[in-house]
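Student:
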Amino acid sequence: MRVPSRLFLVAILVFTPFADAAERRPREAAVASAHPAATAAGREIIEAGGNAFDAAVAVAAALAVVEPYSSGLGGGGFFLLHRARERKDVVLDARERAPAAARRDMYLDAQGRPVPRASLDGPLAAGIPGVPAALEHLARRYGSLPLERTLAPAIALATDGFAVTPRYRRMAEQRQDALRSHPAAGDIFVPGGFVPEPGERIVQADLARTLKAMARDGARGFYGGEVGRRLVAGVRAGGGIWRAKDLEDYRVIEREPLEARYRGQRVVTAPPPSAGGVALLQVLGVLEGFELEGLDDATRAHILVEAMRRAFRDRAHHLGDPDFLEAGVTQGLLAPAYIGRMRAGIDRRRVTPSERLGSIPVPGAGTHTTHLSVIDTQGNRVAATLSINTPFGSAFVPPGTGVLLNNEMDDFATAPGLPNTYGLVGSEANGIAPGKRPLSSMTPTFVETRDTVAVLGTPGGSRIVSMVLLATLDVLHGRGGPADWVARPRFHHQYLPDVIEHEPGAFEPDTRSALARFGHRLRAVEGGYGNMQIVAWDRRTGRAMAAADPRGEGAVWAGAVRSGESGRRSR
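When the letters of the sequence shown are read in order and numbered with mature numbering (1 follows the signal peptide of the UniProt record, and there is no 0), they come out as residues -21 to -1, 1 to 550.
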């Protein structure tokens, strides 16, 4: 793709559009996460003098213990950071990598057909985890406390156990057969072969030992030594293809975030291998050419859906691990001329069927992964979206480690045009290759207006992008506050299947009728989806605000506590 000289993408990390507000700092710190115990861990570290980066380590590690169906040391993710002292934004790419022995056709049979569940269950489905490396990197490069301190809450949770919640039970029920088929995982998460009742405790002694090894030796305590040997031995004994060198070679990559302006306001988000950030900025670029506030509800929703449709089409055709793509792909997709052509192709009153945009078959979306948001009184902030993919990942724990492995290899395009478990398809750009990172929908994001700084993100598979988009538009257009942004009913379109998925209450009856007249097909998603976590800073008052999605069981905290200065500390 040719790259026009003028880009919608802004690759500048220093930002001073609101000079008077830029010098201010929040009067309070805030933490929002998907589980009360993890939020409590973040608060503990902030009150102990840690900064937002220290708190993020504590929250992520605690989530790895108490939310095993969504994230963990055996998974990966993206950490979007703002370091206030330098006014610098950076993304830690902790996405999983394909093992060196991975092959393009490793999940296909002799006839080229996908082997059922091969990329989802068991150790062959697992990429090399990135979270342990990210936690050490975050602590060493940006934190003010050592890992011994920031991992302490997670170690205590693993040692003493945590109480099963209704959400845990629902997730375990979905994956109980897979968990039972792998004894080391079954013994922990469905002890005695039964899904535990709410209130029963899950103790993870092996995971506590792994966390202690990391607290002592940093990333080496996970990727090397006794833990590393047990990981590789367990994976290979279970039919996987990991080698010790795969673990030794894993590195977190610091990447420049994607940045754009929407009507003078700033949006910062994750770059590839997150496809979510590209789609978010593409849609915002398209929408900037419409006066959304002056449109009726049906026309506004129609234009949003048409923009989503085109962004997800580009995801399927063009995106993958940037280290394996031709230079300039991302910039080309965000170039003003290209965004303008996307906008010009939208008919305000009629659907453009997805098949006319270039057809690849698809269905579905997910509700898992996790997110945490943190801001401290120095103005440092973290938005981190973490995952092991489907509930309980691959359902495999290498014996003696307590580490539940991801099944993120399913996020590669198993073969061009074949959908993954979330109904997303891809081209050779996202094909399996040794050392490659699969494309992701994770979209941790900062939104900055004159009055507000919002730190947000959510789990939800392919629906992550539309959820973050809708919340971002709420922030940019000043509609309500964090509690409104996380609670408002949602809708989604992902190119294929060619249908608008929506929560109950997302559209009034007359809006649904109008969308149907435009040519849209609608499908209600019962029970809702997503688990967004937001913290925000009111620049006018200095107050910090936080909100957890009412669809989940998350918790928030905000308080006027002095946070530690970000600095460089070993471990």
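C-beta atoms are modelled at their ideal positions from N, C-alpha and C, and glycine is treated no differently.
Rank 258, 10 and 42 by C-alpha distance to the C-alpha of residue 313 and give the top, closest one.
Tutor: 258
Student: With distance defined between alpha-carbon atoms, name the residue in 79, 253 and 165 nearest to residue 372.
Tutor: 165
Student: In this structure, does DSSP put residue 536 in helix, strand or coil?
Tutor: Note: residue 536 maps to strand in three-state DSSP.
Student: Given this structure, state the Cα-to-Cα distance separating residue 30 from residue 214, to the nearest angstrom.
Tutor: 36 Å
Student: Is DSSP giving residue 36 helix, strand or coil here?
Tutor: helix
Student: Classify residue 211 as helix, strand or coil using the three-state DSSP reduction.
Tutor: Assigned with DSSP and collapsed to three states, residue 211 falls in helix.
Student: Rounded to the nearest angstrom, what separates residue 18 and residue 89 at their Cα positions?
Tutor: 48 Å
Student: Against chain D, does residue 184 count as a neighbour if the rule is that its beta carbon must be under 7 Å from one of theirs?
Tutor: In the displayed structure, chain D is absent; only one protein chain is listed.
Student: Going by DSSP in three states, residue 142 sits in which element: helix, strand or coil?
Tutor: Note: residue 142 maps to strand in three-state DSSP.
Student: Considering only DSSP beta bridges, list what residue 410 is partnered with.
Tutor: Beta-bridge partners assigned by DSSP to residue 410: 392.
Student: Taking three-plus beta-carbon pairs below 8 Å as touching, is the segment 70 to 86 in contact with the segment 102 to 109?
Tutor: Contact holds: three or more Cβ-Cβ distances are below 8 Å.
Student: Is it buried or exposed for residue 289, if we count other Cβ within 10 angstroms and need 16 for buried?
Tutor: buried
Student: For a quick check, are the C-beta atoms of residue 513 and residue 5 less than 7 Å apart?
Tutor: no
Student: If you measure between the beta carbons of residue 190 and residue 130, is that distance less than 7 Å?
Tutor: yes
Student: Run the CB neighbour count on residue 431, radius 10 Å, all protein chains shown included, and call it buried at 16 or more, exposed below.
Tutor: buried
Student: With residue 321 as the anchor, note down where its alpha helix (DSSP H) starts and where it stops.
Tutor: Taken as a continuous stretch (DSSP letters only), the alpha helix (DSSP H) holding residue 321 covers 315 to 323.
Student: Considering only DSSP beta bridges, list what residue 68 is partnered with.
Tutor: Answer is 61, bridged to residue 68.
Student: Under DSSP, the alpha helix (DSSP H) around residue 431 begins and ends at which residues?
Tutor: Unbroken run through residue 431 is the beta strand (DSSP E), 431 to 436; no alpha helix (DSSP H).
Student: Going by DSSP in three states, residue 374 sits in which element: helix, strand or coil?
Tutor: coil
Student: Which whole runs of the alpha helix (DSSP H) in the segment 121 to 201 are 4 residues long or more, in chain order?
Tutor: 126 to 129, 131 to 139, 145 to 159, 162 to 168 and 184 to 196
Student: Short check: CB of residue 349 to CB of residue 423, under 7 Å?
Tutor: no
Student: Cutting at 8 Å between CB atoms, please list the residues of its own chain near residue 381, excluding the five before and the five after it.
Tutor: So the qualifying residues of the chain are 137, 167, 183, 184, 185, 186, 187, 188 and 189.
Student: Where residue 294 and residue 15 are concerned, what is the direct C-alpha to C-alpha distance, given to the nearest angstrom?
Tutor: Counting only the Cα atoms, residue 15 lies some 35 Å from residue 294.
Student: Using DSSP with H/G/I as helix, E/B as strand and the rest coil, what is residue 470?
Tutor: strand
Student: What separation, rounded to the nearest whole angstrom, lies between the Cα atoms of residue 520 and residue 3?
Tutor: 10 Å
Student: In whole angstroms, what is the alpha-carbon distance linking residue 467 and residue 485?
Tutor: 8 Å
Student: I'd like to know whether the C-beta atoms of residue 442 and residue 481 end up nearer to each other than 7 Å.
Tutor: no
Student: Going straight from the alpha carbon of residue 428 to that of residue 66, what length do you get?
Tutor: 16 Å
Student: Which word fits residue 207, buried or exposed, when buried means at least 16 other C-beta atoms lie within 10 angstroms of its C-beta?
Tutor: buried
Student: Decide if residue 390 is buried, meaning its Cβ has at least 16 other Cβ atoms within 10 Å, or exposed.
Tutor: By the 16-neighbour rule on beta-carbons within 10 angstroms, residue 390 is buried.
Student: Can you tell me which of the three DSSP states residue 365 falls into?
Tutor: strand
Student: Given that a residue counts as buried once 16 or more other Cβ atoms are within 10 Å of its Cβ, and exposed if not, what is residue 506?
Tutor: Around the Cβ of residue 506, a 10 Å sphere holds fewer than 16 other Cβ atoms; the residue is exposed.
Student: In this structure, how does DSSP classify residue 296 when only helix, strand and coil are distinguished?
Tutor: DSSP places residue 296 in helix when its eight states are reduced to three.
Student: With a CB to CB cut of under 6 Å and the five nearest residues on each side skipped, what residues in its chain are close to residue 552?
Tutor: Nothing can be reported for residue 552, as the shown portion of the chain is limited to -21 through 550.
Student: Compare the C-alpha of residue 473 against each of 408, 291, 504 and 251 and name the closest.
Tutor: 291
Student: Considering only residues of the same chain and omitting the five flanking positions on each side of residue 63, which have a CB-CB separation below 6 Å?
Tutor: 357, 358 and 359
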